[in-house]
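Q: Dropping a structure here in structure tokens format, bear with me for questions.
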Amino acid sequence: LISNHEHHEIHEGASFNYSDSISLNASITQNYLIITPNTDKLAHFIIYIDSIGILDIGLFEDSDRLGTTAQSVINANRNSTNINTTLIYKDINGGTTDGVKIYGYKSGSVTKQVGSYIDHNSEIILKKNTKYLLKLTSESATNLINIGLSWYEHTNLPS
72 LISNHEHHEI HEGASFNYSD SISLNASITQ NYLIITPNTD KLAHFIIYID SIGILDIGLF
132 EDSDRLGTTA QSVINANRNS TNINTTLIYK DINGGTTDGV KIYGYKSGSV TKQVGSYIDH
192 NSEIILKKNT KYLLKLTSES ATNLINIGLS WYEHTNLPS
């Protein structure tokens, strides 16, 4: 039996998921702070976002913001007792910088016939001991937005 590495990480109890559904009015921003631990376990991250209206998405690295509301994360292997070391917070306060923008995407429709969709299916390996800010700004009224964050935590083998 052959399985891909991501599937193996689920069985090992090292794969985690977070999801949220929100509705934002025009010019309103929802922030999510992602904090990676200072360990050799690196977060191999995939982001899924869709919306029914215009949405401006930014991912920033090296933010100094503080997270306000810790979010519950589930282990993809429901039989595992392993706990995620990468933390997710909804809403931010404090700090002086969002960080350096490493990804941006804007799409959607004012008439809400076609929405934004991002499936960043090429994983990004996040830096350890780093704060990432995921910033979602609606440019449509009553914009329904779905967010999915999926990652596994893995110690890379020496090269």
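Everything in the sequence shown is counted per this note's numbering, starting at 72 for the first residue and increasing by one. C-beta: ideal position from N, C-alpha, C; glycine also.
Assuming threonine 100 and leucine 197 form a contact by the criterion Cβ under 8 Å, report the distance between their Cβ atoms to the nearest whole angstrom.
A: Wrong, their Cβ atoms sit about 22 Å apart, outside the cutoff.
Q: Return the first residue and the last residue of the beta strand (DSSP E) that lysine 206 is part of.
A: Per DSSP, lysine 206 belongs to the beta strand (DSSP E) from 202–209.
Q: List the whole-angstrom C-beta distance separating tyrosine 103 from isoleucine 159, where the pair is believed to meet the contact cut-off of C-beta under 8 Å.
A: About 6 Å separates the two Cβ atoms, so the contact holds.
Q: Hey, how far is the Cα of threonine 167 from the Cα of serine 151?
A: Whole-angstrom Cα-Cα distance: 38 Å.
Q: Cβ of isoleucine 117 versus every heavy atom of the ligand PLP: is any distance shorter than 7 Å?
A: The model on display carries no ligand, and the ligand PLP is accordingly not part of it.
Q: With distance defined between alpha-carbon atoms, name the residue in Lys177, Asp169, Ile163, Pro108 nearest to histidine 225.
A: Selected option, being the one with the closest Cα: Pro108.
Q: In angstroms with no decimal places, state the Cα-to-Cα distance between isoleucine 163 and asparagine 227.
A: Looking at the two C-alpha atoms, the distance is approximately 31 Å.
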